[in-house]
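S.K.:
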Amino acid sequence: MNCPDHLRPEAWQRILNFAERKETPFLVVDLNTIREKYLELVDGFKYASVYYAVKANPANEVISLLAELGSNFDIASIYELDRVLSHGVDPARCSYGNTIKKKRDIAYFYERGVRMYATDSEEDIRQIAEVAPGSRIYIRILTEGSEGADWPLSRKFGCNPEMAVELAVLARDLGLEPYGVSFHVGSQQREIDIWDGAIAKVKVVWDRLYNEYDIKLKMINLGGGFPAQYIQKTNPFETYVQEITRFLSEDFPDEVPEIILEPGRSLVGDSGVMVSEVVLVSRKSATALERWVYTDVGKFNGLIETLDESIKYQICTERDGEEEEVVIAGPTCDSMDIMYENHKYTLPLSLQSGDRMYWLATGAYTSSYCSVEFNGFPPLKTYFV
Ligand SMILES: Cc1ncc(COP(=O)(O)O)c(C=O)c1O
1224 MNCPDHLRPE AWQRILNFAE RKETPFLVVD LNTIREKYLE LVDGFKYASV
1274 YYAVKANPAN EVISLLAELG SNFDIASIYE LDRVLSHGVD PARCSYGNTI
1324 KKKRDIAYFY ERGVRMYATD SEEDIRQIAE VAPGSRIYIR ILTEGSEGAD
1374 WPLSRKFGCN PEMAVELAVL ARDLGLEPYG VSFHVGSQQR EIDIWDGAIA
1424 KVKVVWDRLY NEYDIKLKMI NLGGGFPAQY IQKTNPFETY VQEITRFLSE
1474 DFPDEVPEII LEPGRSLVGD SGVMVSEVVL VSRKSATALE RWVYTDVGKF
1524 NGLIETLDES IKYQICTERD GEEEEVVIAG PTCDSMDIMY ENHKYTLPLS
1574 LQSGDRMYWL ATGAYTSSYC SVEFNGFPPL KTYFV
């Protein structure tokens, strides 16, 4: 098997050597790749602070590495908060980035020292003001164009810019500090121009608050959305840096505000290789042109992002020779446990049960998305090298 383009040959070899001795299915995460991705990010966006979106891979090994490298943390629940703080991270390096939160959870964050909260609704702001008085809030706005993202996020979160203005004013009146605006252009966003439109919307909120209400915001949170290496091509990371930096300086020519990034997928995705075993190869009739390949990972133990075939992982096997179209499905008795049927993957004709399949760039949104024991299958094991 050739080394994939997004991994260093030594990382690929390290993973393969490790994988040889383990029983499938499992995920191997190469921590050195995460380190390199983090360093590439902070080198590209020198002017930004990174808040790692813990949800992408909340493993202790990942948190500990990123904490040591100086990352901050975007946290979605009290459970993630406990995990991050258990690594000795200063709560000042954490934000509560989920706009959907219980009042008692806001209080929990506040008691532990977190002072920065995302919000997009009046009720949430009133609750923050009550139990996290004086805190900084940033308002998440809706963005358009999430079609360019393989895993869109926008509709569930955010409010329109008009409402963002009203919420910032309310926050100030309730004694909070309206600190900034955030957005998320959708995960695995392949259209860089979407950031342009989103930053332009931030600018409208920014200027209205200053000109009409004397509120001077300080921060823009550009969210995540940067890509990992799946089947569909993306621009190189440097192009994201150049273009987004240009959009910012065009809209904020006098002084670029404090910038926060919240990457998840792009930091940890490429570091993972999931290894599965072929359980069965079959055809549905004697003349069927495509084979069905059933393997021991599926939607319920790591590959939930294949829903609607949204994320298309690169797959390789140790077999070579002539290839033919396949449908790829998981091991459970649920008929929605089919990963790829419309997108035509091809795999070697010689593939048979017992062979291994290597799912590349599976370090993000896999292990933490597993069901606990659907059909009795345990969650995916994860190893770190
Ligand atoms: C608030 C927030 N920030 C950041 C992220 C991470 O995004 P990505 O994995 O695309 O980098 C997410 C993903 O769901 C999110 O909801």
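Using this note's numbering, you'd call the opening residue of the sequence shown number 1224 and step up by one each time.
Glycine is no exception: its CB is placed at the ideal position from the N, C-alpha and C atoms.
#1: Using the Cβ count rule (16 or more neighbours within 10 Å means buried), how would you classify residue 1519?
#2: For residue 1224, which residues in the same chain have their Cβ closer than 8 Å to its Cβ, ignoring the five residues on either side in sequence?
#3: For residue 1575, which residues in the same chain have their Cβ closer than 7 Å to its Cβ, ignoring the five residues on either side in sequence?
#4: Measuring alpha carbon to alpha carbon, tell me which residue in 1280, 1297, 1282 and 1254 is nearest residue 1273.
#5: Keeping to the same chain, check which residues put their C-beta closer than 7 Å to that of residue 1491; ignore five residues upstream and five downstream.
#6: Rounding to the nearest angstrom, what Cα-Cα distance links residue 1415 and residue 1466 in this structure?
#7: Can you determine whether any heavy atom of ligand 1 sits closer than 6 Å to the C-beta of residue 1281, and answer yes or no?
#8: Mapping DSSP to helix, strand and coil, what is residue 1262?
#9: Going by other Cβ atoms of all chains shown within 10 Å of its Cβ, with 16 needed for buried, is residue 1498 buried or exposed?
#10: Is it true that the stretch 1506-1514 meets the stretch 1420-1436, where meeting means three or more beta-carbon pairs spaced less than 8 Å apart?
#11: When you compare each of 1398, 1403, 1396 and 1374 to residue 1387 by their alpha carbons, which one comes out closest?
#12: Given that a residue counts as buried once 16 or more other Cβ atoms are within 10 Å of its Cβ, and exposed if not, what is residue 1462?
#13: Let me make sure I understand the geometry here. Which of 1448, 1470, 1444 and 1442 has the alpha-carbon closest to that of residue 1423?
#14: Can you grab the Cα-Cα spacing for the pair residue 1309 / residue 1567, in whole Å?
#15: How far does the alpha helix (DSSP H) with residue 1482 in it reach, from first residue to last?
#16: Cβ of residue 1459 within 7 Å of Cβ of residue 1411?
#17: For a test of your reading of the model: does the CB of residue 1448 fall under 6 Å from any non-hydrogen atom of ligand 1? Yes or no.
#18: Could you pull out every residue in the same chain whose Cβ sits closer than 7 Å to the Cβ of residue 1485, ignoring the five residues on either side in sequence?
#19: Using 8 Å as the threshold, is the stretch 1588-1601 in touch with the stretch 1526-1540, meaning 3 or more CB pairs across them?
#20: Can you give the Cα-Cα distance for residue 1371 and residue 1413, rounded to whole angstroms?
#21: Return the residue from the list 1229, 1252 and 1228 that minimises the CA-CA distance to residue 1589.
#22: On the criterion of 16 or more Cβ atoms from any shown chain inside 10 Å, does residue 1317 qualify as buried, or is it exposed?
#23: So which of 1521, 1260 and 1392 has the shortest CA-CA distance to residue 1438?
#24: Rounded to a whole number of angstroms, what is the C-alpha to C-alpha distance between residue 1355 and residue 1577?
#25: Quick check: does the Cβ of residue 1290 come within less than 6 Å of any heavy atom belonging to ligand 1?
#26: Report all residues from its chain with a CB closer than 7 Å to the CB of residue 1457; omit the five preceding and five following residues, and keep chain order.
#27: Between the beta-carbon of residue 1608 and the beta-carbon of residue 1231, is there less than 7 Å?
#28: Taking the C-alpha atoms as reference points, what is the distance between residue 1476 and residue 1368?
#29: In three-state terms, what does DSSP make of residue 1198?
M.R.: With the given structure in hand:
#1: buried
#2: 1239, 1539, 1540, 1541 and 1581
#3: 1501 and 1504
#4: 1297
#5: By the criterion of a C-beta distance shorter than 7 Å, residue 1491 is surrounded in its chain by 1257, 1279, 1280, 1285, 1586 and 1587, once the five residues flanking it on both sides are discounted.
#6: 7 Å
#7: no
#8: helix
#9: Result: buried.
#10: no
#11: 1403
#12: exposed
#13: 1470
#14: 44 Å
#15: DSSP places residue 1482 outside any alpha helix (DSSP H); the residue lies instead in the beta strand (DSSP E), whose first and last residues are 1481-1484.
#16: no
#17: yes
#18: 1274, 1276, 1297, 1320, 1444, 1446 and 1447
#19: yes
#20: Each residue's Cα considered, the two are about 6 Å apart.
#21: 1252
#22: buried
#23: 1392
#24: 55 Å
#25: no
#26: 1413 and 1450
#27: no
#28: 25 Å
#29: A query on residue 1198 cannot be resolved here, the shown segment of the chain reaching from 1224 to 1608 and no further.
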